[in-house]
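Peer 1:
Number of protein chains: 2
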Amino acid sequence: MAGGHDGGIIADLSEFRTDPITGRTVIIAPERAGRPNEFQNRRAVSRTARICAFCPGNEKETPPEILSYRDAGRADEPGWRIRVVPNKYPALPAHEVIIETPDHNLTLADMPLPQAAEVLHCFQERLAALRRNERLQFATIFKNQGEGAGATIEHAHTQLLALPDVPWSIRQELEASRSDGEASGVCAYCRMARQAPESRRVLDSEGFTVISPYAARFPFETWIVPKDHGSHFDAVGGEGLADLAGVFQDTLRRINRALEGPAYNMVIQTAPLQAPPLAYYHWRIEIIPRLNKIGGFEWGTGVYINPTPPEEAARRLSGEEA
Amino acid sequence: MAGGHDGGIIADLSEFRTDPITGRTVIIAPERAGRPNEFQNRRAVSRTARICAFCPGNEKETPPEILSYRDAGRADEPGWRIRVVPNKYPALPAHEVIIETPDHNLTLADMPLPQAAEVLHCFQERLAALRRNERLQFATIFKNQGEGAGATIEHAHTQLLALPDVPWSIRQELEASRSDGEASGVCAYCRMARQAPESRRVLDSEGFTVISPYAARFPFETWIVPKDHGSHFDAVGGEGLADLAGVFQDTLRRINRALEGPAYNMVIQTAPLQAPPLAYYHWRIEIIPRLNKIGGFEWGTGVYINPTPPEEAARRLSGEEA
Chain A
1446 MAGGHDGGII ADLSEFRTDP ITGRTVIIAP ERAGRPNEFQ NRRAVSRTAR
1496 ICAFCPGNEK ETPPEILSYR DAGRADEPGW RIRVVPNKYP ALPAHEVIIE
1546 TPDHNLTLAD MPLPQAAEVL HCFQERLAAL RRNERLQFAT IFKNQGEGAG
1596 ATIEHAHTQL LALPDVPWSI RQELEASRSD GEASGVCAYC RMARQAPESR
1646 RVLDSEGFTV ISPYAARFPF ETWIVPKDHG SHFDAVGGEG LADLAGVFQD
1696 TLRRINRALE GPAYNMVIQT APLQAPPLAY YHWRIEIIPR LNKIGGFEWG
1746 TGVYINPTPP EEAARRLSGE EA
Chain B
1446 MAGGHDGGII ADLSEFRTDP ITGRTVIIAP ERAGRPNEFQ NRRAVSRTAR
1496 ICAFCPGNEK ETPPEILSYR DAGRADEPGW RIRVVPNKYP ALPAHEVIIE
1546 TPDHNLTLAD MPLPQAAEVL HCFQERLAAL RRNERLQFAT IFKNQGEGAG
1596 ATIEHAHTQL LALPDVPWSI RQELEASRSD GEASGVCAYC RMARQAPESR
1646 RVLDSEGFTV ISPYAARFPF ETWIVPKDHG SHFDAVGGEG LADLAGVFQD
1696 TLRRINRALE GPAYNMVIQT APLQAPPLAY YHWRIEIIPR LNKIGGFEWG
1746 TGVYINPTPP EEAARRLSGE EA
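First to last, the protein sequences are chains A and B. Just so you know, we're using our numbering here: the first sequence kicks off at 1446 and counts up by one. Just so you know, we're using our numbering here: the second sequence kicks off at 1446 and counts up by one.
(1) Take H1600 of chain A as the anchor and find which of A:R1761, A:E1705 and A:A1498 has the nearest alpha-carbon.
(2) How would you list, in chain order, the residues of chain A whose beta-carbon sits under 9 Å from the beta-carbon of R1761 of chain B?
(3) If you measure from the beta carbon of K1505 of chain A to each beta carbon in chain B, is any gap under 7 Å?
(4) Measure the C-alpha to C-alpha separation of R1526 of chain A and T1546 of chain A and round it to an integer number of angstroms.
(5) So D1464 of chain B contacts chain A; which residues on that side make the cut at Cβ distance below 8 Å?
(6) Could you check whether the Cβ of S1622 of chain A sits closer than 7 Å to any Cβ belonging to chain B?
(7) Can you tell me where the beta strand (DSSP E) with Y1709 of chain A in it begins and where it stops?
(8) Report the partner residues of T1654 of chain B according to the DSSP bridge assignment.
(9) Express the C-alpha separation of R1477 of chain A and N1532 of chain A in angstroms, rounding to a whole number.
(10) Is there contact between the region 1653-1666 of chain A and the region 1550-1566 of chain A, where contact requires at least three CB pairs shorter than 8 Å?
(11) Does DSSP put W1525 of chain B in a helix, in a strand, or in coil?
(12) DSSP on A1594 of chain A, reduced to helix/strand/coil?
(13) So for K1533 of chain A, helix, strand or coil by DSSP?
(14) Under a CB-based cut-off of 7 Å, is I1733 of chain A close to chain B?
(15) Using a Cβ-Cβ cut-off of less than 7 Å, list which residues of the region 1582-1600 of chain B approach chain C; keep chain order.
(16) Along chain B, which residues have their Cβ under 7 Å away from the Cβ of D1625 of chain A?
(17) Can you give me the start and stop residues for the alpha helix (DSSP H) that H1566 of chain A sits inside?
(18) Might you give, ordered along the chain, the residues of its own chain that have their beta carbon closer than 6 Å to the beta carbon of A1723 of chain A, omitting 5 neighbours on each side?
(19) Who are the near neighbours of P1508 of chain A in its chain, counting only those whose CB is closer than 7 Å to its CB and skipping five residues on each side?
(20) If we count the other Cβ atoms within 10 Å of its Cβ and call it buried at 16 or more, is K1738 of chain B buried or exposed?
(21) Find the residues of chain A that neighbour A1633 of chain B, judging by a C-beta separation of less than 7 Å, and give them in chain order.
(22) Counting only beta-carbon atoms, is W1668 of chain A nearer than 7 Å to chain B?
(23) For Q1719 of chain A, return the contacting residues in chain B, with the cut-off set at a CB-CB distance below 9 Å.
(24) Select from B:N1578, B:E1510 and B:E1504 the residue whose C-alpha is nearest the C-alpha of E1541 of chain B.
(25) Which bits of chain B does R1477 of chain A rub up against, with CB to CB less than 8 Å?
(26) By Cβ distance below 8 Å, which residues in the same chain neighbour D1649 of chain A in space, the five residues on each side in sequence not counted?
(27) Where does the unbroken alpha helix (DSSP H) through T1696 of chain B begin, and where does it stop?
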């Protein structure tokens, strides 16, 4: 983050703070402390039957919707296929939840393909809308599925969080990929999509390569990398999106089969909102099953210990029937 | 990590890999996949009664000891007060476990003060021993307490992991603190210990200040910072160590009271093994209670969302009776 936001209050209560020595940025977000299961004792979780705020009929349990794709009904009424609402416990003002389906029992992996494609289209529509706010520099689309991955609500949803600055680690990646690209003349991720060895390939479609990355931080970390160069996810057209939806579902189903439906995090890495198309940055989807715990070594050093060689993960995932 | 280790095989099976674009390093450690509870299904944890490998009488359950402090007995026999053994599932060759007490029911927070001081002394002795191996550049001493923090064994223990290179994030911190120090003429951490506002102070002893850091990544993240400048933890003398043991236990007990005995990670941040005393780096202890889950946003951006303002954490911890 730029120094200009140090200590500045962004949301009513959220605040960016940059460590004066390392430059590491955090968001202090006391509004999030009110979430239903925040800090609840993990040893004594009793899942009381609560109504699901994301199910049709319970629209009043969320803040008013920002967007919906509907077959019937008016805003904040049933009849929607996909619904976007502000996060009730926002870390920042631009913190949205995309409710992917009215069906409480479906997940992104097993919903009908056209629905999955429409979810991806919805992500694109929200990115395009947020881009029009020139104060927003960066947006991350991410999913925490399963309690072990940080989810507090079971009903299938993805989150979108937009920031007034480009995060430090993203800046570093942008800089590193630019200098690599300027030296080699080729986008490093294009090279990755084309040249990843067979031993780390999970599957291929016309437009996408699914790989276990060379330096995977986590066991079974899996990336979906577009074969055609593009820095911004929301520039992908309709045909590409249908292809992506199929590959994304196929990948999630393979992970579910191989690992018995693990909790996972997903993040769509895409170029900064206000950046023009970049020659040497490449959007992609990263999927991180949450199989191992992160401990003091990782917090202390920033080095991740991954007990599963990426080649083994790719072998297991590529062998799974989707 | 230096590029020289990219892809190099360090342990029999462990391997450093550096992401070709970002420079981010990981350790691929398939030996660790054999740990008893690795990838076990968290939804159906059945804690079968196993014998504790760290209890007296079960010394044969661990690899032969590297060091012990004893009242009686020979190596790998009962009679020890503290015992250091190689990690049975090492991420790297220099991966040790310091068993802090023969008593299965004691923790670092509640053992007698002289025992806690002896544990710290043992850490120092191991650091000094590893420094004599010139191939080892960096060592981290860390503790994962509680299953939620990554611990697989309940009996009180700390780990020590030494690396053939200084991790990337530590290099960045060394560089940042050096350039800050050269510009200001004062070590940034000395300034932090002396000038932290009352609102972020938890407690003070003669030699140490306990604070909630300004840009805390995690709720109730707490640092123990020595008031006197020193870059290497193992240069602290006996009196300082007794003071530190008291402050450390006091801090842990306050955290236990305030948060009902949470899982936590602890890491001793100390200068690289082979570095001379550094004017602008400062050793310290970081304690991270594991209260919230890390999700897709954090993995994707490197930015942590902390729902507890450090000032609130400090207020709660400073008010706790120790």
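C-beta atoms are modelled at their ideal positions from N, C-alpha and C, and glycine is treated no differently.
Peer 2: The relevant details are as follows:
(1) As a working mapping, residue 1600 of chain A is identified with position 155 in the first sequence. Closest option to H1600 of chain A, Cα to Cα, is A:A1498.
(2) Along the second sequence, one-based indexing puts residue 1761 of chain B at 316. What R1761 of chain B touches in chain A: nothing, since even the nearest Cβ is about 12 Å away.
(3) Position 60 of the first sequence holds residue 1505 of chain A. For K1505 of chain A, the answer is no, since every Cβ of chain B falls outside 7 Å of its Cβ.
(4) Within the first sequence, the letter at position 81 stands for residue 1526 of chain A. Within the first sequence, the letter at position 101 stands for residue 1546 of chain A. Near 6 Å, if we compare the C-alpha coordinates of T1546 of chain A and R1526 of chain A.
(5) In the second sequence, counting from the first residue as 1, residue 1464 of chain B sits at position 19. Those are P1658, Y1659 and A1660, listed as they occur along chain A.
(6) Position 177 of the first sequence, counted from the start, is the residue given in the question as residue 1622 of chain A. A Cβ of chain B is located within less than 7 Å of the beta carbon of S1622 of chain A.
(7) The residue labelled residue 1709 of chain A in the question sits at position 264 within the first sequence. Segment Y1709 to Q1714, the beta strand (DSSP E) holding Y1709 of chain A.
(8) Indexing the second sequence from 1 puts residue 1654 of chain B at position 209. Paired residues: B:D1649 and B:V1670.
(9) Numbered from 1 along the first sequence, position 87 holds the residue referred to as residue 1532 of chain A. Numbered from 1 along the first sequence, position 32 holds the residue referred to as residue 1477 of chain A. C-alpha separation (whole angstroms): 10 Å.
(10) With the rule of 3 Cβ pairs closer than 8 Å, the region 1653-1666 of chain A does not count as touching the region 1550-1566 of chain A.
(11) In the second sequence, counting from the first residue as 1, residue 1525 of chain B sits at position 80. DSSP places W1525 of chain B in strand when its eight states are reduced to three.
(12) To locate residue 1594 of chain A, count along the first sequence from 1; it is residue 149. Here DSSP, grouped into helix, strand and coil, assigns A1594 of chain A to helix.
(13) Along the first sequence, one-based indexing puts residue 1533 of chain A at 88. K1533 of chain A falls in the coil class under three-state DSSP.
(14) One-based indexing of the first sequence puts residue 1733 of chain A at position 288. Chain B, which has a Cβ nearer than 7 Å to the Cβ of I1733 of chain A, makes this yes.
(15) Protein chains A and B are contained in the structure displayed, whereas chain C is not.
(16) Numbered from its first residue, the first sequence carries residue 1625 of chain A at position 180. The contacting residues are I1466.
(17) Taking the first residue of the first sequence as 1, we reach residue 1566 of chain A at position 121. Element bounds for H1566 of chain A: L1558 to R1576.
(18) As a working note, residue 1723 of chain A is residue 278 in the first sequence. For clarity, residue 1723 of chain A is Leu in the given sequence; the question names Ala instead. The answer, listed in chain order, is S1676 and A1716.
(19) If you number the first sequence from 1, residue 1508 of chain A lands on position 63. Closer than 7 Å at Cβ, skipping near neighbours: V1530, P1531 and K1533.
(20) As a position in the second sequence, residue 1738 of chain B is number 293, starting the count at 1. Its Cβ being crowded by 16 or more others within 10 Å, K1738 of chain B is buried.
(21) Locating residue 1633 of chain B in the second sequence gives position 188, where the first residue counts as 1. Chain A residues near A1633 of chain B: P1465 and I1466.
(22) The sequence position of residue 1668 of chain A within the first sequence is 223, counting from 1. No, its Cβ sits nowhere closer than 7 Å to a Cβ of chain B.
(23) Mapped onto the first sequence, residue 1719 of chain A falls at position 274. Within 9 Å Cβ-Cβ: nothing; Q1719 of chain A doesn't reach chain B, min ~16 Å.
(24) Taking the second sequence and counting its residues from 1, one reaches residue 1541 of chain B at position 96. Looking at the Cα atoms, B:E1510 is the closest of the given residues.
(25) To locate residue 1477 of chain A, count along the first sequence from 1; it is residue 32. The contacting residues are I1750 and P1752.
(26) Translated into positions along the first sequence, residue 1649 of chain A becomes position 204. Hits under 8 Å: V1655.
(27) Position 251 of the second sequence holds residue 1696 of chain B. Per DSSP, T1696 of chain B belongs to the alpha helix (DSSP H) from G1683 to L1704.
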